[in-house]
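Residue numbers (this note's numbering): 2 to 244. Note that the Cβ used here is the ideal one computed from N, Cα and C, for glycine as well. A short write-up of the structure that comes next.
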Ligand code: 3SL
């Protein structure tokens with residue numbers, strides 16, 4: 002297995018696809034996707050464009066539909082929810098399809114949707130993702146951070162490092178065997194430096210600070226938890242993720 006990290010979707014190479022592509026948006030899209038599936042959502046359907054989300058979701062049975070839209074960290078008018086993982090419980094989400102559009106996370110998923118296997122990862126699901134990779138042993142894996150509007154995000158990179166470190170620990174393999182690019186090695190160093198202070202790292206991260214200004218400290222606490230959910234969201238058809 003060779004693991005490549007791309008910090009933002011724009012870094013992903015154009016004319017090749019990996020065996021497995023992993024979208025990461027710890028704050029907060031991929032943490033929310035995992036939380037919604039854990040709460041029993043039937044599927045998550047992602048959109049880059051809010052108008053498209055609104056028109057496609059209008060064709061779905063309305064009692065089985067939740068619209069989640071976020072721009073700039075805030076809920077989009079016309080949607081039922083913003084992008085908080087804490088919005089999802091069995092009561093709100095069980096049996097429903099979540100139609101979702103966020104600033105960066107869903108755009109990241111759209112960028113990699115043509116890979117034969119597409120999954121999402123968050124700190125909350127790190128162990129489940131490591132176990133998935135160990136069970137399926139894809140030859141090439143892209144870990145793709147969502148970043149923020151084209152810039153690198155600490156929280157996505159530390160999550161990529163946690164996944165790569167998990168594979169190294171489980172297999173006893175070294176960077177020589179596993180690292181596909183320099184960014185993959187740097188991400189493990191970031192994780193090793195911050196593994197016991199993930200919440201503190203989120204407070205330093207620029208998007209963490211943006212969310213704190215919007216009064217979302219509880220979301221940071223939730224998203225900083227490691228290995229708490231046993232769920233791997235996987236793409237069933239382009240743009241539709243299931244458990
Ligand atoms: O950019 C995104 O996709 C979001 O996850 C951003 S936010 O955390 O909902 O503000």
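Would you mind sorting residue i into buried or exposed? The rule is 16 or more other CB atoms within 10 Å of its CB.
i, result
"residue 30", "buried"
"residue 11", "exposed"
"residue 267", "The first residue shown for the chain is 2 and the last is 244, placing residue 267 beyond what the model contains."
"residue 236", "buried"
"residue 215", "exposed"
"residue 8", "buried"
"residue 202", "buried"
"residue 189", "buried"
"residue 65", "exposed"
"residue 219", "exposed"
"residue 15", "exposed"
"residue 22", "buried"
"residue 62", "exposed"
"residue 94", "buried"
"residue 59", "exposed"
Please check the pair residue i and residue j, which I expect to be a contact at CB under 8 Å, by giving their CB distance rounded to whole angstroms.
i, j, result
"residue 160", "residue 24", "Actually they are not in contact, since the Cβ atoms of residue 160 and residue 24 sit about 11 Å apart, beyond 8 Å."
"residue 164", "residue 119", "Not a contact, Cβ separation roughly 15 Å."
"residue 33", "residue 115", "Their Cβ separation, rounded to whole angstroms, is 23 Å, which puts residue 33 and residue 115 out of contact at 8 Å."
"residue 99", "residue 79", "Not quite, the Cβ-Cβ distance comes to about 15 Å (not below 8 Å), so this is no contact."
"residue 240", "residue 111", "7 Å"
"residue 6", "residue 185", "5 Å"
"residue 76", "residue 82", "7 Å"
Take residue i as the anchor and find which of the options has the nearest alpha-carbon.
i, options, result
"residue 230", "91, 201, 128, 16", "128"
"residue 38", "15, 7, 86", "86"
"residue 92", "208, 135, 42", "42"
"residue 170", "157, 135, 147, 149", "135"
"residue 244", "3, 62, 121, 76", "121"
"residue 146", "13, 2, 3", "13"
"residue 53", "88, 101, 209", "101"
"residue 154", "173, 106, 172", "106"
"residue 158", "26, 58, 3, 84", "26"
At least one CB of chain D closer than 8 Å to the CB of residue i: is that the case?
i, result
"residue 105", "Included in the structure is just one protein chain, with no chain D present."
Segment contact, 8 Å Cβ cut-off, at least three pairs: the stretch 39–50 with the stretch 172–190: no
At least 3 beta-carbon pairs within less than 8 Å: the stretch 183–196 vs the stretch 215–225: no
Touching by the beta-carbon criterion (3+ pairs, under 8 Å), the stretch 133–143 and the stretch 70–80: They do not touch, by the three-pair rule.
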